[in-house]
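Engineer:
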Amino acid sequence: MSTKETLTGAEALIRALEMEKVEVMFGLPGGCILPAYDPLLKSSIRHVLVRHEQGAGHMAQGYAHVTGRPGVAMVTSGPAATNMVTPLCDAFMDSIPMVAITGQVPTTAIGTDAFQECDTVGITRSVTKHNELIMHPDDIPMAVRQAFHIATTGRPGPVLLDVPKDVLQNTMTWYWPTDDEVIESLPGYRPTTKGHSRMIREAAKMILSAQRPVLYLGGGILKARAAAAVRELAETTQIPVVTTLMARGAFPDDHPLALGMPGMHGTATAITAMQKSDLLIALGARFDDRVTGKVAAFAPDAKVVHVDIDPAEQGKVRRPDVPIVGDCRLVVEEINKAIAELSAAGSGQIDITPWRSKVSGWKETFPLTYDPHEPGAALKPQYCLEKLRDLAPEGTIVCAGVGQHQMWTSQFWRFTEPYTWVNSGGLGTMGFAVPAAIGAKAGQPDRTVWAVDGDGCFQMTAQELVTATTEGIHVKIAVLNNTYLGMVRQWQEMFYGERYSEVDLKNCPDFVKWAEAMGCVGIRVESPEEVEPAIEKANSINDRSVVIEFRVEEFEKVFPMVPAGTSNDEVVLHPSQEPRRDLLK
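Numbered according to the numbering used here, the sequence shown spans residues 12 to 596.
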């Protein structure tokens, strides 16, 4: 390739994406980004044409969740860029590597309130790891290299490049920066990956001397590809493990040490084990408010070892006794070595048999449960999820929207391998599931991808099933239709005296007809006997997307539940378990 080759900025942009090994991108063209769509015609990159820019962003997230590679979305200026803000914020909260490219009005028109102009860099500054307005085509290759480097190193996150129309149209002399040039161009960006050796040894000593330890796994375990190292740590020490909403799959649910999810709708055992622990080993977790409940009352007797690649997380919510900044996989591998050395030298041997026995008792006494079906009553959503789980082909990826159905999916699905759970954790974005499932399927085309959605969520982004149909990216959607904004209704029932204000979604639309109108197979399920045949039929259809509408119980609630702002000790159990709650003390 000649170093003197002259390209337009648009050609340089697409070539730079090819050099970054981008295989698929999600987007929607418009005036200011239009020059970049012309060279796409000759590119090796597959472009997925979405029906709404928010869909492009969530598809990029779904792709990144299951592949570990950055998802790429490209849209135009103004309203297209503002439609991208929600996925950017979602990716920022959940540390998802993503590169968004937005068009911008020509450089000469910036600041004149030109048609479809907005200050995209200003608007997205607080919801991106890095963003940049590119003012000259010569800067495009370096900007793209920096974007992918920043998005995928340290704590992953979204990066946005805003490219004016004339920058795409004008010419530049092609070049491709080396790795060293990229690093030198970012003198203030040096993520710490290697943990402090003294702190690692201190953590190992603390683990070996603990009586009631808990391994508290967050989404950082998955970002760091640390699942194998963490499993070795758990099995060596026999410490029980909780996996947060973002860490589901990082440790297998069928493992004897697994306690499930902690937090507001976690298992009673996971919640209580953290509360009663004397040592929390927090790995890639950020002490989110949904996990801690009332911070002052959270795990009051526990010392804390906190491993995180982001130094800003140390002490943000809970002061750690042993803070370790570094890559979770590298740090846990070193902790494993330190434990082995200390044990071999006779400097400590963990024995937590009484604690393990206590925790096992809680697991046996307080399993996840729900009331059985009554004859003639509506379906139980938990039953539908159990059947979806049991009939799912091996390696199935499951995505969820946000609300009751998300919590039930996290509770009742059994996650046995990493990167099979895709959801919106930190931002809690309704409408996430359908586009994220399409992105996940684009990233893992040989896997079955199920999205579990609520009727409220589904109505926000269902139009992306048109994208799935036209692009041949076939997914399966389970809509748990309780005709309400279910989680909001649950709160109104429990905390607002059953005053149901603006949560009723009854009567419209007909989900089966809507699915068929978008080129999908639509199935309605209203009785327990219909559940398995419908799921088996959906699993057998691979030439189209499938939507199953499960007509579920309107007033079913998610249990356990820690009311907002209260101590985790005040967890509300399923009514059938409340008489035994003294056993958690």
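Idealized CB from N, CA, C, for every residue including glycine.
(1) Quick check: the Cα distance between residue 608 and residue 270, rounded to an integer number of angstroms?
(2) Count Cβ pairs between the region 439-451 and the region 459-470 that sit closer than 8 Å; are there 3 or more?
(3) Helix, strand or coil for residue 274? Go by DSSP, reduced to three states.
(4) Taking 8 Å as the threshold, find out whether the region 115-124 comes into contact with the region 452-463 through three or more Cβ pairs.
(5) Enumerate in chain order the residues of its own chain whose CB-to-CB distance from residue 481 is below 8 Å, with the five nearest sequence positions on each side excluded.
(6) How many Å lie between residue 168 and residue 74 at the Cα?
(7) Leaving out the 5 sequence neighbours to the left and right, which residues in its chain are closer than 7 Å to residue 260 when beta-carbon positions are compared?
(8) What do you get for residue 201, buried or exposed, if any count of 16 or more other CB atoms within 10 angstroms of its CB means buried?
(9) Whole angstroms is fine: what's the gap from residue 90's alpha carbon to residue 145's?
(10) Could you tell me how far apart the beta carbons of residue 556 and residue 479 are, in whole angstroms, since I believe they sit closer than 8 Å?
(11) Output the distance between the C-alpha atoms of residue 602 and residue 216, rounded to the nearest integer angstrom.
(12) Could you work out which residue in 368, 578, 393 is closest to residue 379 when comparing CA atoms only?
(13) Out of 66, 77, 195, 78, point me to the one whose CA is closest to residue 99's CA.
(14) By the three-class DSSP mapping on this structure, what secondary structure does residue 66 have?
(15) Can you tell me which of the three DSSP states residue 18 falls into?
(16) Scan the region 79-117 and note each continuous beta strand (DSSP E) run of 3 residues or more that stays entirely inside, going in chain order.
(17) Going by C-alpha to C-alpha distance, which of 515, 434, 267, 462 sits closest to residue 495?
(18) Which residue's Cα is closest to the Cα of residue 593: 283, 175, 263?
(19) Just reading off the alpha helix (DSSP H) that residue 469 is part of, what are its end residues?
(20) Can you tell me whether residue 560 is helix, strand or coil according to DSSP?
(21) How many angstroms separate the CA atom of residue 364 from the CA atom of residue 265?
(22) Bridge partners of residue 533, per DSSP?
(23) Among 276, 568, 422, 103, which has the Cα closest to the Cα of residue 163?
(24) Is residue 515 helix, strand or coil by DSSP?
(25) In chain order, which beta strand (DSSP E) runs of at least 3 residues are fully inside the region 192-245?
(26) Under 9 Å between the Cβ atoms of residue 384 and residue 539?
(27) Quick one: Cα of residue 568 to Cα of residue 513, how far?
(28) Rounded to the nearest angstrom, what separates residue 551 and residue 82 at their Cα positions?
(29) Would you call residue 13 buried or exposed, if buried means 16 or more other Cβ atoms sit within 10 Å of its Cβ?
(30) What beta strand (DSSP E) runs, 3 residues minimum, are completely inside the region 356-433?
(31) Between the Cα of residue 338 and the Cα atoms of 295, 267, 42, 518, which residue gives the shortest distance?
(32) Determine the closest residue to residue 354 out of 27, 130, 212, 92, with distance taken between C-alpha atoms.
(33) Since residue 257 sits in a beta bridge, which residues does DSSP pair it with?
Structural biologist: From the atom records:
(1) The structure shown does not extend to residue 608, since the chain spans only 12 to 596, so no value can be given for it.
(2) yes
(3) Locating residue 274 in the sequence shown gives position 263, where the first residue counts as 1. Residue state, collapsed to three classes: coil.
(4) Cβ pair count under 8 Å is below three, so no.
(5) Counting from one through the sequence shown, the residue named residue 481 turns up at place 470. Excluding sequence neighbours, residue 481 sits near 60, 530.
(6) Along the sequence shown, one-based indexing puts residue 168 at 157. Along the sequence shown, one-based indexing puts residue 74 at 63. Rounded to whole angstroms, residue 168 to residue 74 spans 14 Å at the Cα level.
(7) Counted from its first residue, the sequence shown places residue 260 at position 249. Within the same chain, residue 260 has close Cβ partners 426, 428, 429, 430, 431, 432.
(8) Taking the sequence shown and counting its residues from 1, one reaches residue 201 at position 190. With fewer than 16 Cβ atoms within 10 Å of its Cβ, residue 201 is classed as exposed.
(9) Within the sequence shown, residue 90 is the residue found at index 79, counting from 1. Within the sequence shown, residue 145 is the residue found at index 134, counting from 1. For residue 90 and residue 145, the distance between alpha carbons rounds to 19 Å.
(10) One-based indexing of the sequence shown puts residue 556 at position 545. One-based indexing of the sequence shown puts residue 479 at position 468. Indeed, because the Cβ distance is near 5 Å, the residues count as touching under 8 Å.
(11) Past the edges of the chain, shown from 12 to 596, lies residue 602, and the structure says nothing about it.
(12) Position 368 of the sequence shown, counted from the first residue, corresponds to residue 379. The candidate whose alpha carbon is nearest that of residue 379 is 393.
(13) Mapped onto the sequence shown, residue 99 falls at position 88. When only C-alpha atoms are compared, the closest one is 66.
(14) Position 55 of the sequence shown, counted from the start, is the residue given in the question as residue 66. Under the three-state reduction of DSSP, residue 66 is assigned to helix.
(15) To locate residue 18, count along the sequence shown from 1; it is residue 7. In the structure shown, residue 18 sits in a strand (DSSP, three-state: E or B).
(16) If we require 3 residues or more, the beta strand (DSSP E) runs fully inside the region 79-117 come out as 82-86, 109-115.
(17) By 1-based counting over the sequence shown, the position of residue 495 is 484. It is 515.
(18) Along the sequence shown, one-based indexing puts residue 593 at 582. The option with the nearest alpha carbon to residue 593 is 283.
(19) On the sequence shown, residue 469 is found 458 positions in, with the first residue counted as 1. Where residue 469 is concerned, the enclosing alpha helix (DSSP H) starts and stops at 466-472.
(20) On the sequence shown, position 549 is the one that residue 560 refers to. Strand, per DSSP.
(21) By 1-based counting over the sequence shown, the position of residue 364 is 353. By 1-based counting over the sequence shown, the position of residue 265 is 254. One C-alpha to the other measures close to 20 Å.
(22) Residue 533 sits at position 522 when you count from the first residue of the sequence shown. BP columns for residue 533 point to 558.
(23) Mapped onto the sequence shown, residue 163 falls at position 152. Each of 276, 568, 422, 103 was checked against the Cα of residue 163, and the nearest Cα belongs to 103.
(24) Start at 1 with the first residue of the sequence shown, and residue 515 comes out as number 504. It is a strand residue.
(25) Whole beta strand (DSSP E) segments, 3+ residues: 224-228.
(26) Numbered from its first residue, the sequence shown carries residue 384 at position 373. Numbered from its first residue, the sequence shown carries residue 539 at position 528. Yes; because the gap between Cβ atoms is below 9 Å, this pair is in contact.
(27) The residue you call residue 568 lines up with position 557 of the sequence shown. The residue you call residue 513 lines up with position 502 of the sequence shown. Each residue's Cα considered, the two are about 18 Å apart.
(28) To locate residue 551, count along the sequence shown from 1; it is residue 540. To locate residue 82, count along the sequence shown from 1; it is residue 71. Computed Cα separation, rounded: 29 Å.
(29) The count along the sequence shown starts at 1 and reaches residue 13 at position 2. Confidence is the limiting factor: at residue 13 the pLDDT is only 48, short of 50, which leaves the residue's position unreliable, though a coordinate-based value still follows. Exposed is the call here.
(30) As summarised for the region 356-433, the continuous beta strand (DSSP E) elements at least 3 residues long and confined to that stretch are 408-411, given in chain order.
(31) Residue mapping note: residue 338 aligns to position 327 of the sequence shown, counting from 1. Put simply, of 295, 267, 42, 518 the residue whose alpha carbon is nearest the alpha carbon of residue 338 is 295.
(32) Locating residue 354 in the sequence shown gives position 343, where the first residue counts as 1. Of 27, 130, 212, 92, the residue nearest in Cα terms is 212.
(33) As a first step, residue 257 is located in the sequence shown; it is residue number 246 there, counting from the start. DSSP output for residue 257 lists no bridge partner at all.
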